[in-house]
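Novice: Here it is, the structure in full.
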Amino acid sequence: MRSPNGTPLVRIRLIVLIVLASSITFYIGQLSSTPLSKHSLPEPECFVPSERTAHTHMHAIQPIHVPVTVTKLQTLTTTIHSPQVTVTAVPETVAPVEEDYVLVNGAPTASFKDNLRADVKYILSFPGSGFTNDVMLYMNLIYLSILTERVPVIPYFVPTHVGQSETGPVIAFGDVFDVARLEKAIRKPILEWGDIKDLGSTKIDTLGCWNVWEAVSPANKGPHWTLAPERMKLDISYTTAPESIKLYPGNPQSTDMRFASLMSLGFPEQRNEHLTTPVRSPLLHASLPPDEQLLCFDNLYWATNLEPHEMEHDYSTAWRFVGRHLHWNPRIEALAARYVRRTLGLARARPIPPYISVHARRGDFVNWCEVPDREDCFAPVSVIARRVAEIRQRLWRTKGIEVQHVIMTSDETDESWWRQVQAQGWDRVDHSWTSEIHGAWFPVFIDAAIQSASTGFVGTDRSTVSLLSAHRVREWQGGPTQMFRWGKPGADDHEDI
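Structure representation (structure tokens):
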């Protein structure tokens, strides 16, 4: 059909459609290129980890203490004549984010008290139970800081199994873990002790703290033993916490304590109700109640919510809210990858293939054996091999991954045992020069990071090293894990999995 002037109607309709489409495109282009008013579309608030020098929080901005919930995008409707075009974005609510706080007064000072801001509250506890147990303590400390709305202060790691506690090397939390990544993940600032007090200071500071160790068991005389306060140049006056902090009050065998009860001591009502006469500090003989600005506990390793050894379970709050975000410092990760390549005989540029890592804790675990013969107590290599085979099968069945490499990490020094490991076709990490090159702590760090990066993991039952590595492999790698039991012959007997 044609129009009166002879032009085909199909061609006319096509021209009209092209003109209409061009108009719509023009208006939409105008819409997208026009800046929106900040009143109609509020800017999203973001947490940006502070730039640090040695993890020192020093900033020019002033703190904003009120978290704000904001909406990233609002619904926007624009009408265009023939046809109507509606551009709609679904509102996305961003969780409250704290601004980048000014956490201290300035550079580290000779006395920590000179560097605390009057408008900031802090929380502190002390290490001294071995590296992995202290990592768990710090997870509990940071989780408790969330509950009490305080800034956690993380001391450096003090050696107990590495060198001597009195003179062995200390190492900063941020030299082991990625603090900026943790802060961003939990949306909370973190301080290290070296951010507050000059590590070279010889000035002794007094401080009032809660003694929870004696509160949970009458057999414990005094606070939990550690040389950390001494090496931090602190002289502490302890007040014994109330027995009500115990998970099971009245049970002298239980040393577990409730997070909620510990939290309550950070607020005036419960704090003031449970104040008793403090024990004088050992050096300057100061008698001080628990500090209200820097809330302080002698030890938090045994803190829990529901049951003992809560970190062993998938619902552990300290793991879910803190531990799973506590990744290794990039230097540690890079060293671990280098050691894996060397262990497997790979060139530096070669990708690392899937591998199963094993942690066999032996050594001092002999003190927990149920039988006198050491070899009857510890799981034989054949038992460990069965668990490794189960992990291999599960990886193949669930992910289609065929794993050829197994890396064994252990504190065992008996070379005849290592020959049994080698006979399985497994590899051993060579730490002959690790301490000399990188420092006394690094064999521990590198082994743990190697375990964390594995495709599957087999560990030692009742070992906290194995416990955290299993958590990390499940959380970070999505890999299967198993624990082998020990203590007596046949301890790990079980049906095929």
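In the working numbering, the protein residues as written are 11 to 507.
Virtual Cβ for every residue (Gly too), placed ideally from N, Cα, C.
1) Closer than 8 Å is the cut-off here; do at least three beta carbon pairs connect the region 306-314 with the region 219-226?
2) When the Cα atoms are used, what is the spatial distance from residue 403 to residue 168?
3) Which same chain residues, not among the five before or five after residue 322, have their C-beta less than 8 Å away from its C-beta?
4) Let me make sure I understand the geometry here. Which of 401, 416 and 417 has the alpha-carbon closest to that of residue 410?
5) To the nearest angstrom, how far is it from the Cα of residue 481 to the Cα of residue 296?
6) Does the Cβ of residue 277 have 16 or more other Cβ atoms within 10 Å, making it buried, or fewer, making it exposed?
7) Can residue 217 and residue 246 be called in contact, C-beta distance under 8 Å?
8) DSSP state of residue 105, grouped into three classes?
9) Answer yes if the region 252-262 comes into contact with the region 195-215, meaning at least three C-beta pairs across the two stretches below 8 Å, and no otherwise.
10) Out of 303, 436, 193 and 289, which has the shortest C-alpha to C-alpha gap to residue 394?
11) In this structure, how does DSSP classify residue 365 when only helix, strand and coil are distinguished?
12) Quick one: give me the first and last residue of the beta strand (DSSP E) that residue 307 is part of.
13) Could you compute how far the alpha carbon of residue 130 sits from the alpha carbon of residue 152?
14) Verify whether the separation of the beta carbon atoms of residue 372 and residue 426 is less than 8 Å.
15) If you draw a straight line from the C-alpha of residue 266 to the C-alpha of residue 260, how long is it?
16) Just the Cα atoms here: how many angstroms apart are residue 336 and residue 194?
17) State the DSSP-derived secondary structure class of residue 268, mapped to helix, strand or coil.
18) For the alpha helix (DSSP H) that residue 204 lies in, which residues bound it at each end?
19) What residue does the beta strand (DSSP E) around residue 135 start on, and which one ends it?
20) Decide if the region 223-237 is in contact with the region 202-211; the criterion is three or more beta carbon pairs, one per stretch, under 8 Å apart.
21) Would residue 252 and residue 227 qualify as a contact pair, given that the criterion is a beta-carbon distance under 8 Å?
22) Pairing CB atoms from the region 447-456 with CB atoms from the region 313-332, are three or more of them under 8 Å?
23) Using the Cα positions of residue 488 and residue 312, report the straight-line distance between them to the nearest angstrom.
24) Unbroken beta strand (DSSP E) runs of length 3 or more, entirely within the region 129-189: which are they?
25) Taking residue 314 as the reference, which of 146, 486 and 281 has the closest Cα?
26) For residue 220, which residues does DSSP report across the bridge?
27) Check residue 438 in the structure and name its three-state DSSP category.
28) Look up residue 338 in the DSSP assignment and give the residues it is bridged to.
Specialist: Quick answer:
1) yes
2) 41 Å
3) 477
4) 401
5) 43 Å
6) exposed
7) yes
8) Only weak support exists for where residue 105 lies, its pLDDT of 43 falling under 50; the coordinates are left without a value.
9) no
10) 436
11) strand
12) 304-307
13) 16 Å
14) no
15) 12 Å
16) 11 Å
17) strand
18) 203-206
19) 132-135
20) no
21) no
22) no
23) 28 Å
24) 132-135 and 161-164
25) 146
26) 249 and 307
27) strand
28) 187
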